[in-house]
Every structure is written in C-alpha cells, then in structure tokens.
Amino acid sequence: MIDTRLLDILACPLCKGALQWHKQQSVLVCRFDRLAFPVRDDIPVMLEGEARALAVDDPLLAR
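If you want it as structure tokens, here you go:
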C-alpha cells in the first residue's frame with residue numbers, strides 16, 4: 001500500500017502533472033501523457049522507460 005502522503009507529492013516526471021493511483025493494476029497514471037507507471041513492492045517506478053503507454057480508449061484513462 002502506498003502512503004497517501006507520498007501520493008500527494010508525486011507528479012509525472014515528464015509533464016509534472018497529477019497522477020492517479022489505480023490500486024487494482026498497481027500503477028500510477030498520468031492522463032495528460034497517457035502513461036502508466038508501475039508500482040513494485042509499494043515503490044513507484046517513475047522512469048519514462050518503465051512506463052507503459054496507454055491507448056486513447058484505455059479504461060485507466062477514464063475519470
């Protein structure tokens with residue numbers, strides 16, 4: 001489980017925008033850049049090379 005204080009300060013490393021936590025998929029999503037950053041062992045991996053590109057219609061991008 002990621003600490004909520006950590007979620008409050010984390011930002012997308014590319015656009016510096018807000019991230020959405022998706023607990024079931026264990027990813028942090030940047031809706032602007034359409035990237036899903038993995039969370040491994042409760043540690044966010046905020047590297048562009050590790051992020052998964054999301055399709056425009058990906059359910060993770062829904063509000």
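Numbering (the working numbering), first residue to last: 1 to 63. Note that beta-carbon positions come from the ideal geometry of N, C-alpha and C, so glycine has one too. The model shown is predicted, which means the values in this text are computed figures rather than measured ones.
Buried versus exposed call for residue i [16 or more other C-beta atoms within 10 Å across all chains shown]
{"i": "PHE32", "result": "exposed"}
{"i": "VAL56", "result": "exposed"}
{"i": "CYS12", "result": "buried"}
Whether residue i touches residue j by CB criterion (9 Å)
{"i": "GLN24", "j": "ALA36", "result": "no"}
{"i": "LEU54", "j": "LEU60", "result": "yes"}
{"i": "ASP42", "j": "MET1", "result": "yes"}
Contact set for residue i: own chain, Cβ-Cβ below 6 Å, skip 5 residues either direction
{"i": "GLN66", "result": "There is simply no residue 66 to check, as the chain begins at 1 and stops at 63 in what is shown."}
Cut-off 7 Å between Cβ atoms - residues of its own chain near residue i, not counting five sequence neighbours on either side
{"i": "ALA51", "result": "LEU35, ALA36, PHE37"}
Selection from the options that minimises the alpha carbon distance to residue i
{"i": "VAL45", "options": "ARG5, LEU10, THR4", "result": "LEU10"}
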